[in-house]
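Using the UniProt record's numbering, the first residue of the sequence shown is number 1, and each one after it goes up by one.
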Amino acid sequence: MTTYRVCCFLRRFRAASNEPSEAVGDVFRACADGGGGLLGEEALRRFLREVQRETDAGADAAAKEVVAFAAEHRLLSKGRGLTAEGFLRWLFSDANAALDPRRGVYQDMGLPLSHYFIYTGHNSYLTGNQLSSGCSERPIVKALHDGVRVIELDLWPNAAKDDVEVLHGRTWTSPVELIRCLEAIKEHAFATSPYPVILTLEDHLNRDLQAKVAKMLKETFGEMLYVSESEHMAEFPSPDELKGKIVISTKAPKECFQTKSSKDAAATEEEEGVWGEEISDDKATARQARPRSPPTATLCLHLHACCSTKAPKEYFQTKSSKDAAATEEEEGVWGEEITDDKATARQMSEQSSGKYTADEETAGAGAEDEMEVEAEAEAEKKSRQGTEDNEYRRLIAIQLTRRKHDIEQDLRVDPDKVTRVSLGEKAFEKAIVSHGDHVVRFTQRNLLRIFPRSTRITSSNYNPLMGWRYGVQMVAANMQGHGRKLWLTQGMFRANGGCGYVKKPDALMRSKPLDFDPRAELPVKTRLRVTVYMGDGWRFDFRKTHFDRCSPPDFYARVGVAGVPADTRMEQTRVAMDSWVPAWDHEFGPFPLAMPELALLRVEVHESDNHQKDEFGGQTCLPVWELRPGIRSVRLSDHKGQPLPSVKLLMRFDFFPASDSNSTQ
């Protein structure tokens, strides 16, 4: 019995059981020898073939592993067969995981980089929020160990202008020396994956410091540094060709300090109206000597946009009725986010220099204009410098292009060379409304990176599927944050052995004809039926009163699919009352899948609470196309994406052809 004290009374509950749920017990008895209480070796092979969908050869090998597992843990009954408890223990084991732990990298890694989704971080050096947290090499190390393959560093001169620091410019973030970041990358780049690490540099340096950076890169990385034979590549190399290499990506030096004519300035203003602000800010070069505190007007805009109910219209434009309906529908499917970003941002603003008003924003506008004039003068001065930049330029393997034309020109495919373009989250949303086919075609040969909008100061994230649906390779995520959007990113890159590169679906790579539109009504390719049997492990990882002071927890599970809009859905089990080992035996679906190659299975567990917000009990996200059919164990992670030591669910996955009538039975 489990006892809970309520005031001066004791409440007694049945102790947690190691018995299978009713549905799992039925499966065991159906496969057991003669319908009895033991699962012999032949019955085990039958179970592996009929339920787990193993081939004959695979069933023989798997049966030997199960018997060895049972013998090691003393789960065989006098050597004659597997008991129900032993059967359940093996089903919950890591060897029976939903994703095959022995599969490793299996996709073709010999194609150009543009053929892969790449695990990409944003402001990889930050330890927390985007406004006032510290900068360190530690988040970079963690990201690399998690499998991230694109690391972003923002390069700024130090106060003396004789060295290079990494920090989030025009904020209160504390800097870290560039050399510390480079040395950490060298040591940990290939700890998890042998495939290339792409280092994207947001460069705010003069030419002398660029030369110093080039020297640091060569001395730190040595032979690990990939240097292209030509300035402009006709095609990107493959991940296989770049194994063990560090690849530098940034804009060419000559673009850093060019004088803008009035015509260029007008073109830039027009471009920002279409695309939104570029990832790099050349105007910031002239602000190097200023204190690192951000301008009042800039802070007002960021904090007001995050915290106000009446935000500036440049950050919250009126949505069309169709967009608003789509957003409302998605929020209805996925529910409210775990963290309250608005509350956090409001708290941060109150802890800083007080709340900012619209009057303060207007007052700061003059200072911004003055800085812009200074930036133009500084840029003109530096454009006349004769410092050689050949070495820095030579190390840039993937050039970042910033074009100044209309959308169609910006996404024009050059048959003679490939490039990389960066777009902000909002700019990308505008682009796919009218030019989604251009985005798909551009990303077939070139690299496109999208990054979170600047008002995400709490390091929240956008829905990464927004980019993957259109073939975007580098969907940059704030790894410092957490929440459902980041869980999707973590789920995608569990695929292909967790190597950080996932091959894009063939539909996104077809050029003749280009007939893929993720917003269209797509035909169903397959159907997935998901059964959630039971869960266990919370009793080992949490205190007895963690979820409820007066009784065992009341768990329920939420299961759904994220993918193209037609595939996205979410459903929920009943609440299993007062149990540390909840049994639901709930069947979901079958879910119709129009594009299973982009579908991610979402699983969450919460503890129901009638008096306050339901408590979080674990989550995971898994690539549907790698799910093993049959009854499998699914390990859950915490809200930050770190695996919980003991918490697992027992689930079953059955795939059916789109036209199979059995899928509905």
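The beta-carbon is built from N, C-alpha and C at its ideal position, and this holds for glycine as well.
- Contact between E626 and P505 does not hold, since the beta-carbon distance rounds to 13 angstroms and is not under 8 angstroms.
- Residue pairing by DSSP places T250 opposite Q399 in a beta bridge.
- The C-alpha of L199 lies about 10 angstroms from the C-alpha of L225.
- DSSP places D146 in the coil class of the three-state scheme, outside both helix and strand.
- Under a 10 Å Cβ-count criterion, D406 is classified as exposed, with fewer than 16 other Cβ atoms of the shown protein chains found around its own Cβ.
- Under DSSP, M474 shares a beta bridge with I118 and R449.
- Looking only at L400, L144, Q619 and P565, the smallest Cα-Cα distance to H482 is reached by Q619.
- A distance of 8 angstroms or more separates the beta carbons of I432 and Y462.
- Secondary structure at R602: strand, using DSSP grouped into helix, strand and coil.
- Linking A214 to E183 through their CA atoms gives a straight-line distance of about 14 angstroms.
- In the DSSP assignment, C621 falls outside any alpha helix (DSSP H) and within the unbroken beta strand (DSSP E) covering E615 to P623.
- Contiguous alpha helix (DSSP H) elements confined to the stretch 474–509 occur at 484–492, taking only those with 4 or more residues.
- By the Cβ criterion, the stretch 650–658 is in contact with the stretch 525–535, since at least three pairs of Cβ atoms, one from each stretch, lie closer than 8 angstroms.
- Apart from the 5 residues on each side of it in sequence, E41 sits with its Cβ closer than 8 angstroms to the Cβ of A63, V67 and G81 in its chain, given in chain order.
- DSSP, read as helix, strand or coil, puts S434 in helix.
- Secondary structure note for Y392: its alpha helix (DSSP H) is the uninterrupted segment N390 to R394.
- Collapsing the DSSP output to three states places F542 in coil.
- Here the alpha carbons of V564 and L528 stand approximately 15 angstroms from one another.
- Between T173 and S114 the beta-carbon gap is near 33 angstroms, outside 8 angstroms, which marks them as no contact.
- Comparing alpha-carbon positions, the option among F236, W487, A30 and K161 lying closest to Q642 turns out to be W487.
- The DSSP-derived three-state label of K648 is strand.
- DSSP lists L649 as the bridge partner or partners of G535.
- It is roughly 15 angstroms from the alpha-carbon of I631 to the alpha-carbon of L622.
- For E202, the enclosing beta strand (DSSP E) begins and ends at V197 to D203.
- Ranked by Cα distance from F69, the first of E152, G134 and L91 is L91.
- Fully enclosed alpha helix (DSSP H) runs of no fewer than 4 residues are not present anywhere in the stretch 555–601.
- According to the DSSP assignment, G424 belongs to no alpha helix (DSSP H) but to the beta strand (DSSP E) extending over R420 to G424.
- Per DSSP, the beta-bridge partners of A97 are S633.
- For the pair of segments examined, the stretch 175–182 was found to touch the stretch 131–149: the number of CB pairs separated by less than 8 angstroms reaches three.
- Going by DSSP, E65 is part of the alpha helix (DSSP H) stretching over D56 to E72.
- Between R510 and G560 a beta carbon distance of about 28 angstroms is seen, past the 8 angstroms cut, so the two are scored as non-contacting.
- Secondary structure note for E22: its alpha helix (DSSP H) is the uninterrupted segment E22 to C31.
- Bridge partners of W156 according to DSSP: E165.
- About 5 angstroms separates the CB atoms of P464 and T489; that is less than 8 angstroms, so the two are in contact.
- Straight-line spacing of the CA atoms in G147 and I185 works out to 13 angstroms.
- Taking C-beta atoms as the reference points, F516 and A507 count as a pair closer than 8 angstroms.
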